[in-house]
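Q:
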Amino acid sequence: SPGTLSTTEVPLTIITTAAIGSTTTTTVSADSTVATTTVSADSTVATTTVSAASTVATTTLTVASIITQSTTDLASTVASTTIEATVTNTLIETPVPTTTAIPTTTTTSTTTTIPTTTTTSTTTTTKATIQQLAIPNIPAGAQWGENGVTVAGGHGSGGATNQLAGPEGLFVDNDQTMVIADVDNHRIIQRKISDMNGQVVAGGNGGGNGLHQLYEPTDVLIDKETDSLIICDQRNRRIVRWSRNDTTQGETLIDNIRCWGLAMDDQRYLYICDFENHAVRRYQIEDKNETIVAGGNSQGDGLDQLNWPSYVFVDQQQSVYVSDRDNHRVMKWNNGAKAGIVVAGGQGPGTALTQLDWPKGLFVDTLGTIYVADDKNNRVVRWPKGATAGIVIMGGNGGGIEPNQFNGPQGLSYDRNNNLYVVEWRNSRVQRFSIK
Numbered sequence: 014s015p016g017t018l019s020t021t022e023v024p025l026t027i028i029t030t031a032a033i034g035s036t037t038t039t040t041v042s043a044d045s046t047v048a049t050t051t052v053s054a055d056s057t058v059a060t061t062t063v064s065a066a067s068t069v070a071t072t073t074l075t076v077a078s079i080i081t082q083s084t085t086d087l088a089s090t091v092a093s094t095t096i097e098a099t100v101t102n103t104l105i106e107t108p109v110p111t112t113t114a115i116p117t118t119t120t121t122s123t124t125t126t127i128p129t130t131t132t133t134s135t136t137t138t139t140k141a142t143i144q145q146l147a148i149p150n151i152p153a154g155a156q157w158g159e160n161g162v163t164v165a166g167g168h169g170s171g172g173a174t175n176q177l178a179g180p181e182g183l184f185v186d187n188d189q190t191m192v193i194a195d196v197d198n199h200r201i202i203q204r205k206i207s208d209m210n211g212q213v214v215a216g217g218n219g220g221g222n223g224l225h226q227l228y229e230p231t232d233v234l235i236d237k238e239t240d241s242l243i244i245c246d247q248r249n250r251r252i253v254r255w256s257r258n259d260t261t262q263g264e265t266l267i268d269n270i271r272c273w274g275l276a277m278d279d280q281r282y283l284y285i286c287d288f289e290n291h292a293v294r295r296y297q298i299e300d301k302n303e304t305i306v307a308g309g310n311s312q313g314d315g316l317d318q319l320n321w322p323s324y325v326f327v328d329q330q331q332s333v334y335v336s337d338r339d340n341h342r343v344m345k346w347n348n349g350a351k352a353g354i355v356v357a358g359g360q361g362p363g364t365a366l367t368q369l370d371w372p373k374g375l376f377v378d379t380l381g382t383i384y385v386a387d388d389k390n391n392r393v394v395r396w397p398k399g400a401t402a403g404i405v406i407m408g409g410n411g412g413g414i415e416p417n418q419f420n421g422p423q424g425l426s427y428d429r430n431n432n433l434y435v436v437e438w439r440n441s442r443v444q445r446f447s448i449k
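The sequence shown: position 38 = 51 (this note's numbering), numbered continuously.
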């Protein structure tokens, strides 16, 4: 059909190409843009007849294709000039016999069950346990030298670092480092056995209730897990902790308790002699909850009572041994027991081997033998397990300042070689007795 173009004269070429198996392709090329082009084409592209036998494998396909039968009439007026172009009609008939083999593909779906073994890997993080208790393994017939050697103090009562003033409790570590509760100097002194002078590691700033002060501390131990000192700050009615890493003040762990002696077991339970309430209380470190493990039934001499408990020792079965000072006896309370057992003394105050007079520091060895400082009798006594009388192993020579004498023995401890250490509050010194 006619189409109207712009009035600009443009050369125009029309090319029609027909090929077997394709439709007509018409290409128009021009030297400039044509505004409007209308092409009317009546094209029979192909006529296809497919006849197939019922056999899948062979299909006969007969195709008679009229590839191109195109008539394109284009009358174009360019600049009032009519251009007529005639495209020759071309008819091509090509019979194409085709035999196509169609392969058959069979898909088989198979379900296979594969047994699966699952391995669970469990990673357990175990925190190394630091042994707090080192129960001494002392032979039954062990003996110690009669004369002690002064390893701390002994230069009169005073505040110099080579002096002590009214000391009470002490703790000896495995490396033979001693920490001593220097009561009247309101401080804790640390000292190696070989040192001439001690080092102030807590307090020493006068008696007071500041966190940098202590007020008549009566006992101390080393918490090996945190490398810190646990201190009975007696007159301040509190238990405090001081780091051993050059700290200048402590922190309060437990308050409102009139404590005297301390102990700690391997589970880091802290045991405190509450002499004001005649009980031994157990605390988990960092936990203010308490359990009464001995006494607590008012002041008295019954088996479920205590009368001014002073020092405490705990074995690896968590049995509690208590110096029941004003009852002049040592009591054992098995873990969870409601009443105790008298294991030393209990015959009233006196000098007989069946008696004690103000028992103080104590410990128990692996054989169950009890070692106790007998304050007013100025001696250290050993009570074998089940015995009805003790054996004097040190002192017992009257109160005095000689190497074989005591004057108010208080704290009692031991080292890894089973040497014994005795604190004397009236002589303001610590004596070491070497095992033979």
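All C-beta atoms, glycine included, are put in the ideal place defined by N, C-alpha and C. All values derive from a computational prediction rather than experimental measurement.
Rounded to whole angstroms, what's the CA-CA distance from R251 to Q189? Just pull it up for me.
A: One C-alpha to the other measures close to 28 Å.
Q: So, are the CB atoms of N420 and R439 less than 7 Å apart?
A: Yes; because the gap between Cβ atoms is below 7 Å, this pair is in contact.
Q: Given that a residue counts as buried once 16 or more other Cβ atoms are within 10 Å of its Cβ, and exposed if not, what is T99?
A: Low confidence applies here, because T99 scores a pLDDT of 35, under 50, leaving its location unreliable; read the following figure in that light. Exposed, because fewer than 16 other Cβ atoms sit within 10 Å of the Cβ of T99.
Q: By the DSSP assignment, the beta strand (DSSP E) with Q212 in it spans what residues?
A: Note, Q212: beta strand (DSSP E), Q212 to G216.
Q: If you follow the beta strand (DSSP E) that T273 is in, where does it begin and where does it stop?
A: This sequence places Trp at residue 273; Thr is not what is there. C272 to M277 is the span of the beta strand (DSSP E), which, as asked, contains W273.
Q: For the 8 Å Cβ check, are there 3 or more pairs between the segment 272-281 and the segment 303-318?
A: Cβ pair count under 8 Å is below three, so no.
Q: Which residues in the same chain have their Cβ closer than 8 Å to the Cβ of I148, if we skip the five residues on either side of it in sequence?
A: For I148, where only same-chain residues beyond five positions count, the Cβ hits under 8 Å are D328, Q329, V377, D378 and T379.
Q: Relative to the alpha-carbon of Y284, which residue among I202, V185, G263 and G308 has its alpha-carbon at the smallest distance?
A: Among I202, V185, G263 and G308, the Cα nearest to that of Y284 belongs to G308.
Q: In terms of alpha-carbon separation, which member of N160, W371, G413 and Q312 lies closest to H291?
A: For H291, the nearest C-alpha among the options comes from Q312.
Q: Comparing alpha-carbon positions, which option in A400, L177 and I202 lies nearest R257?
A: Of the candidates A400, L177 and I202, the one whose C-alpha sits nearest the C-alpha of R257 is I202.
Q: Give me the Cβ distance between E303 and Y296, rounded to the nearest whole Å; I'm assuming they're in contact under 8 Å.
A: Contact flag correct, Cβ pair sits at about 5 Å.
Q: Closer than 8 Å is the cut-off here; do at least three beta carbon pairs connect the segment 383-399 with the segment 419-433?
A: Output reads yes: the segment 419-433 touches the segment 383-399.
Q: Evaluate S53 with the Cβ neighbour count: other Cβ atoms within 10 Å of its Cβ, from every protein chain shown; 16 or more gives buried, anything less gives exposed.
A: Only weak support exists for where S53 lies, its pLDDT of 36 falling under 50; the coordinates are left without a value.
Q: May I ask you to report which of helix, strand or coil DSSP gives D378?
A: It is coil, neither helix nor strand.
Q: Verify whether the separation of the beta carbon atoms of C368 and G358 is less than 7 Å.
A: Reading the sequence as shown, one finds Gln at residue 368 and not Cys. The answer is yes: Cβ separation under 7 Å.
Q: Output the residue ranges of the beta strand (DSSP E) runs that lie fully inside the segment 396-433 and measure 3 residues or longer, sorted by chain position.
A: Listed in chain order, the complete beta strand (DSSP E) runs (minimum 3 residues) inside the segment 396-433 are 404-408 and 422-427.
Q: Sorted by chain position, which residues of the same chain lie with C-beta nearer than 8 Å to T231's C-beta, five sequence neighbours on each side aside?
A: Excluding positions up to five away in sequence, the list reads E181, G182, A194, V196, C245, Q247, C272, W273 and G274.
Q: Roughly how many angstroms separate the alpha carbons of D339 and W371, rounded to a whole number?
A: Cα to Cα, the separation comes out at about 6 Å.
Q: Do N222 and N198 count as a contact pair if the criterion is CB distance below 7 Å?
A: Contact: no.
Q: Under three-state DSSP, which class holds D259?
A: Coil at D259, not helix or strand.
Q: Would DSSP call D197 helix, strand or coil?
A: The answer is helix: DSSP assigns D197 an H, G or I state.
Q: Let me confirm a value: R204 is counted as buried when at least 16 other C-beta atoms fall within 10 Å, else exposed. Which label applies?
A: Burial call: buried.
Q: Excluding sequence positions up to five away, which residues of its chain have a Cβ less than 6 Å from the Cβ of D236?
A: Around D236: I243.
Q: Alpha carbon to alpha carbon, how far is W321 from I298?
A: Cα to Cα, the separation comes out at about 24 Å.
Q: Give me the residue from A153, L227 and L146 with the minimum Cα distance to P397.
A: It is A153.
Q: Whose C-beta lies closer than 6 Å to the C-beta of G220 among residues of the same chain, with five residues either side of it excluded?
A: The residues are H199 and Y228.
Q: Helix or strand or just coil, what does DSSP make of D339?
A: Reduced to three states, the DSSP call for D339 is helix.
Q: In the structure shown, what three-state DSSP assignment does Q297 receive?
A: Residue state, collapsed to three classes: strand.
Q: Where does R439 sit, in a helix, a strand or coil, going by DSSP?
A: Residue state, collapsed to three classes: coil.
Q: Could you check whether I151 and N431 sit closer than 7 Å to each other, using their CB atoms as the reference points?
A: Yes, Cβ-Cβ distance for N431 and I151 is below 7 Å.
Q: Could you check what DSSP says for R251 in three-state terms: helix, strand or coil?
A: It is a strand residue.
Q: Count the other CB atoms, across all protein chains shown, that sit within 10 Å of the CB of G353; report buried if there are 16 or more and exposed otherwise.
A: Buried: at least 16 other Cβ atoms inside 10 Å.
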